[in-house]
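A short write-up of the structure that comes next.
In the numbering used here, the protein residues as written are 266 to 329.
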């Protein structure tokens, strides 16, 4: 897997978050349900969804 990072400074913003706790889900849709939930919430509240932040706090591999 190749990941490119860009570090940018921008004015402050408010952040809404959703947390998934559970087993790792393989594939490109591993967080689709959670993203759909937060988008649905934002639309209902009239909140813009222009910027996205993603943080994965755990590795996908289980230690031996």
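We put the CB at the ideal spot given by N, CA and C, even for glycine.
Inter-residue spacing [alpha-carbon to alpha-carbon] between residue i and residue j
i: residue 305; j: residue 298; result: 11 angstroms
i: residue 278; j: residue 272; result: 16 angstroms
i: residue 270; j: residue 308; result: 28 angstroms
i: residue 276; j: residue 295; result: 30 angstroms
i: residue 316; j: residue 290; result: 24 angstroms
i: residue 292; j: residue 311; result: 31 angstroms
i: residue 274; j: residue 282; result: 20 angstroms
Residue i - DSSP class collapsed to helix/strand/coil
i: residue 305; result: helix
i: residue 291; result: coil
i: residue 273; result: coil
i: residue 300; result: helix
Cβ distance (whole Å) where residue i is taken to contact residue j below 8 angstroms
i: residue 348; j: residue 318; result: No answer is possible for residue 348: it lies beyond the span of the chain, which begins at 266 and ends at 329.
Cutoff 6 angstroms; reference residue i; Cβ partners in own chain excluding five residues on either side
i: residue 285; result: 299
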